[in-house]
Amino acid sequence: MYLRVGQDDRDGLLRWYRDPDRDPKALPKLFEDWETETMHVHGWARAPQPKARPAHRRTCACSHADTAETQGRTAPECFDVTPSASVPQYHHIASSGDIDNMSVHDLTEVQLERQQLALLAMIGTQQAADPDGQWPMWDWVEYKAKSFGMADPRGVLDSLPRIGASGSVGFSYGFTTALPRILREDTRIKLTVAAAWALDEMRCALGEPILQVLHHMIALWRNAPRSPNEVTRVSLTSEDLQQALPQMDPRILRMVPDSFLNEPVWSGSSGKAPDGSWSMDVPRDVMRYERATDLRGYVSETCRQVHRVLQEADRDFTGGEPAPVPSPDAVLHLNASRTALLMWLWHQKLRQGPGEPMPNVMDVLRDDDLSVDQGVRFTESEIDRASEYLEQHGLIKGGGTLDQMAGPALAKITPAGEDCVEGYNGDVGAYIRRRDNSPVTFHIAANNGNIAANSTGVTQNAATQAAFDPAQTLAAVSLIRQLTPALTPDTGEQQALLVQARELQTAVEAPAPDRVAVQRIAEGVLSTIRGFTHSPTSNVLPWKR
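Residues 755 to 1299 (the numbering used here) are what the sequence shown spells out, left to right.
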């Protein structure tokens, strides 16, 4: 009982989406009557069934079943569906220790459930109908899905399988670029090429064009001239691609850089001109896809590359023998992490168009050029600390935090950050200290003696009171948080100190800080630190007496 939906039906569906006066009742009942509906992902179709049956795999019986790409595969395109009692459980494909039916390392081996496919289809169809090819914002996706009867769209989005790092940050790959835990109303929900493998509707609009461009890039790399004195670099422009692939839809051609940037292993820079033309670097890693001649091959290879990157990051040994552990200079490494994140956000601002959401700061770890210092790759913890530091000094602006992170998870560079990159080559320390060499001015208070001027034979003493500097105090609070584990091994003492540090931060960040209250809380923090054994921090705090 499978219904073939032809091209005319698809065109009609797109016309329905483009019609501002569209009648919701005219939409095929994809989101309604779940128990009597059969969904065929080549299009949308509905056929009554006497009784709903559990979802199960079957060999694709469609007209393309005997093609090279689909022959003998367990097809996610054609299956009977039945309503679940609840939202599907989240499947995270992370290790060979998984024991459920998602114990695979390849998204092509995953069978998506009915609601997962329905949500992806709605996102992809809306993007295909948009004149500018914009992906829909989550606010619209959630509203539309609920209006068609989906009880928990966020839960369905969260249930989509991913491979790679678990949690909200880290290197991973899924059917969308969205991370539900840091999802905002204005987040644009973008589908990856993996979704084009699962959804036949997205093959022509996303999957096949990406494959064509990819193999054109491979040809560019293969034929690029080599020099013994220069590093080989390859780039691609929209004009060159249009000449090479004249049959490609201009609308799809305009979206090529963004489509590749949605893929996890893609690196390199790109830029867009006001007229829509673009240029982009072609990374050497495209040669890893030489044998990926179809969508399944591409998605499988991408999954392998994600696992490769994670394994290299966690590798403790080489060739069976313990590898020497690099020992970078801690201070230089810390400063380099701040510079790397700031430079990466500067590049992200150049690439992003208006209305694009803030990037995830952890994505800097995907940039091979910026994520390594002194032969050691930055950790997520180091990038988190860098994010916190840059925000405290006004070089970046955060757009959301997570409980387990000290700094913002989403961020963008500020004008001050741009000045640091463009005027100081991203040297955060030099930018912050840029006023240290200004002329020294002495403010002498309560002086009853004589003032000696232009004299080298006089020692002058004056009573002074340190000025209240909120920025310096906040920097000290950040330092205390970072050093708390080293100050005392007792978890109770650590927690008490962190509570006091949080109170001090709250007092300093008040619209009109009460200096007396700040001083009182600061003295309490100092008293607590002095009570610890070996407390090096007490000598570096700006508000100590």
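For every residue, glycine included, the Cβ atom is placed at its ideal position computed from N, Cα and C.
Same chain, Cβ closer than 8 Å to residue i, neighbours up to 5 away in sequence not counted
{"i": "V1036", "result": "M971, L974, W975, V988, S989, L990, G1022"}
{"i": "L937", "result": "W892, R908, L911"}
{"i": "D1127", "result": "P1082, L1086, H1087, A1090, S1091, A1094"}
{"i": "G887", "result": "Q881, R1005, I1006, R1008, M1009"}
{"i": "H1061", "result": "H859, I917, G918"}
{"i": "L1049", "result": "E823, V947, A950, W951, R957, G961, E962, L965"}
{"i": "Q1254", "result": "I1275, G1278, V1279, T1282"}
{"i": "L1258", "result": "T1227, V1231, V1272, I1275, A1276, V1279"}
{"i": "A839", "result": "In this predicted model, A839 has a pLDDT of only 35, less than 50, meaning its place in the structure is not dependable; the value taken from the coordinates is given anyway. None."}
{"i": "Y1178", "result": "A1184, Y1185, R1188"}
Three-state secondary structure (DSSP) of residue i
{"i": "D852", "result": "For D852, the predicted model reports a pLDDT of 34, less than 50, meaning its position is unreliable; a value from the coordinates is still stated below. Three-state DSSP puts D852 in coil, outside helix and strand."}
{"i": "L953", "result": "coil"}
{"i": "R1131", "result": "strand"}
{"i": "L968", "result": "helix"}
{"i": "E1277", "result": "helix"}
{"i": "D1035", "result": "strand"}
{"i": "T986", "result": "coil"}
{"i": "S1024", "result": "strand"}
{"i": "T991", "result": "strand"}
{"i": "V1126", "result": "strand"}
{"i": "N1016", "result": "coil"}
CB-CB length for residue i against residue j, believed under 8 Å
{"i": "G1180", "j": "L1096", "result": "5 Å"}
{"i": "F1286", "j": "L1241", "result": "5 Å"}
{"i": "A949", "j": "T931", "result": "A949 to T931, Cβ: 10 Å. No contact."}
{"i": "E1142", "j": "S1281", "result": "About 25 Å; that fails the 8 Å criterion."}
{"i": "E1145", "j": "G1161", "result": "6 Å"}
{"i": "Q966", "j": "L933", "result": "29 Å between Cβ atoms; not a contact."}
{"i": "T1245", "j": "S1054", "result": "Actually they are not in contact, since the Cβ atoms of T1245 and S1054 sit about 45 Å apart, beyond 8 Å."}
{"i": "P1239", "j": "Q1249", "result": "About 11 Å; that fails the 8 Å criterion."}
Spatial distance of residue i from residue j (CA atoms)
{"i": "E1134", "j": "Q1001", "result": "43 Å"}
{"i": "F1014", "j": "W1020", "result": "7 Å"}
{"i": "L960", "j": "Q997", "result": "20 Å"}
{"i": "R1235", "j": "I1167", "result": "24 Å"}
{"i": "D884", "j": "C958", "result": "15 Å"}
{"i": "A1229", "j": "W889", "result": "40 Å"}
{"i": "A1046", "j": "V1040", "result": "10 Å"}
{"i": "I877", "j": "W894", "result": "10 Å"}
{"i": "G1107", "j": "R1042", "result": "30 Å"}
{"i": "A1084", "j": "R1187", "result": "20 Å"}
{"i": "S926", "j": "C1057", "result": "9 Å"}
{"i": "D994", "j": "D1003", "result": "14 Å"}
{"i": "E1176", "j": "M1116", "result": "23 Å"}
{"i": "K1026", "j": "L1104", "result": "8 Å"}
{"i": "S992", "j": "G903", "result": "41 Å"}
{"i": "V1063", "j": "R1038", "result": "15 Å"}
{"i": "G1030", "j": "N983", "result": "35 Å"}
{"i": "A1264", "j": "R1256", "result": "13 Å"}
{"i": "N1114", "j": "P1028", "result": "25 Å"}
{"i": "Q1065", "j": "P1267", "result": "48 Å"}
{"i": "L873", "j": "L968", "result": "27 Å"}
Chain-order list of residues whose beta-carbon lies under 7 Å from that of residue i (same chain, five-residue window excluded)
{"i": "K900", "result": "P907"}
{"i": "R980", "result": "T986"}
{"i": "G1301", "result": "No statement about residue 1301 is possible, as the shown extent of the chain runs from 755 to 1299 and does not include it."}
{"i": "G1051", "result": "R1045"}
{"i": "T941", "result": "M891, W892, A932, P1111"}
{"i": "L914", "result": "Q870, G928, F929, T930"}
{"i": "K898", "result": "M876"}
Cutoff 6 Å; reference residue i; Cβ partners in own chain excluding five residues on either side
{"i": "G1153", "result": "M1112, L1164"}
{"i": "P1011", "result": "S1024, W1032, M1034"}
{"i": "P1224", "result": "V1262"}
{"i": "N1016", "result": "T931, K944, T946"}
{"i": "A1170", "result": "G1148, L1149"}
{"i": "F1132", "result": "S1091, S1125"}
{"i": "D1138", "result": "M1159, A1160, G1161"}
{"i": "E1322", "result": "This structure cannot speak to residue 1322, because the chain is shown only from 755 to 1299."}
{"i": "A978", "result": "T986, V988"}
{"i": "K1151", "result": "K1166, T1168"}
{"i": "L1301", "result": "Shown here, the chain extends from 755 to 1299; a query on residue 1301 therefore has no answer."}
Heavy atom of the ligand HEM within 8 Å of residue i beta-carbon
{"i": "G928", "result": "Only the bare structure without any ligand can be found here, which leaves the ligand HEM out of the picture."}
In chain order, which alpha helix (DSSP H) runs of at least 4 residues are fully inside the stretch 1142-1186?
-> 1169-1178, 1182-1186
Of all the alpha helix (DSSP H) runs that stay within the bounds of the stretch 860-946, which reach a length of 4 or more residues?
-> 868-883, 892-901, 907-913
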